[in-house]
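Just add 1 to wherever you are in the sequence shown, counting from 1, and you've got this note's numbering. For every residue, glycine included, the Cβ atom is placed at its ideal position computed from N, Cα and C. Given the structure is predicted, the values throughout are model-derived calculations rather than measurements. Inspection log for the structure reproduced underneath, given as structure tokens.
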Amino acid sequence: MRIYLVVIDDSPESRIALRFAARRAVKTGGGVEILTVLPPQEFIAFGGVQATIEDEARQQAEALLASAAGTIIDESGLRPSITVRDGDGPRVIRDMIASNPDIAALVLGAAASGAPGQLVTHFSGTDAGALPVPVMIIPGSLTPEAIDRLS
Numbered sequence: 002m003r004i005y006l007v008v009i010d011d012s013p014e015s016r017i018a019l020r021f022a023a024r025r026a027v028k029t030g031g032g033v034e035i036l037t038v039l040p041p042q043e044f045i046a047f048g049g050v051q052a053t054i055e056d057e058a059r060q061q062a063e064a065l066l067a068s069a070a071g072t073i074i075d076e077s078g079l080r081p082s083i084t085v086r087d088g089d090g091p092r093v094i095r096d097m098i099a100s101n102p103d104i105a106a107l108v109l110g111a112a113a114s115g116a117p118g119q120l121v122t123h124f125s126g127t128d129a130g131a132l133p134v135p136v137m138i139i140p141g142s143l144t145p146e147a148i149d150r151l152s
């Protein structure tokens, strides 16, 4: 099955990318994998404090994913897979793609203004030619109607 890997954070452009990927998946008989990457936390000397900070970050990420998945289920009926991983974003994404041959594309949302975002910059630059799947960069300025028309 063709899987669209979408990286979600709290930005509006990531939700736009998710909508695009879900609509493409429905039209092509594929699926969606929603990924949130938790960056490494700065080291704090007190283990209990560090564990609490990491636990809170994971809970926030899981809530974000649950909300995004719920939206996609409501809009398209598609049930996405959800994943939370710790680590460096580009490395986590490359590892996920390498470990799942069903991933057919990496779908990223680009900010509507200013810098497009760290992952968009990374995967449209040095790593663009090394990935085994296409990178779809979805403009953050697209309206839901435009996404529906384009997907």
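Rounded distance between the beta-carbons of residue j and residue i, thought under 8 Å
i   : j   : result
L6  : L36 : 6 Å
I94 : I4  : In fact, because the Cβ distance is near 13 Å, the residues do not count as touching under 8 Å.
Chain-order list of residues whose beta-carbon lies under 6 Å from that of residue i (same chain, five-residue window excluded)
i    : result
V121 : L109, A111, I138
T84  : L36
F21  : I139, I148, S152
Three-state class that DSSP yields for residue i in the structure shown
i    : result
P142 : Residue 142 is actually Ser in this sequence, not Pro. The answer is coil: DSSP assigns S142 none of H, G, I, E or B.
R20  : helix
A106 : strand
L192 : There is simply no residue 192 to check, as the chain begins at 2 and stops at 152 in what is shown.
Per-residue burial, residue i [other beta carbons within 10 Å of its own, 16 or more giving buried]
i    : result
I148 : buried
G32  : buried
S15  : buried
Spatial neighbours of residue i in its chain, beta-carbon cut-off 8 Å, leaving aside the 5 residues before and after
i   : result
I17 : G110, I139, P140, G141, L143, I148
Neighbour flag for residue i against chain B, beta carbons, 8 Å
i   : result
T72 : This model lacks chain B altogether; it includes just one protein chain.
Minimum length 4: unbroken alpha helix (DSSP H) runs contained in the segment 24-98: The DSSP assignment places 48-77 as complete runs of the alpha helix (DSSP H) inside the segment 24-98, in order along the chain (cut-off: 4 residues).
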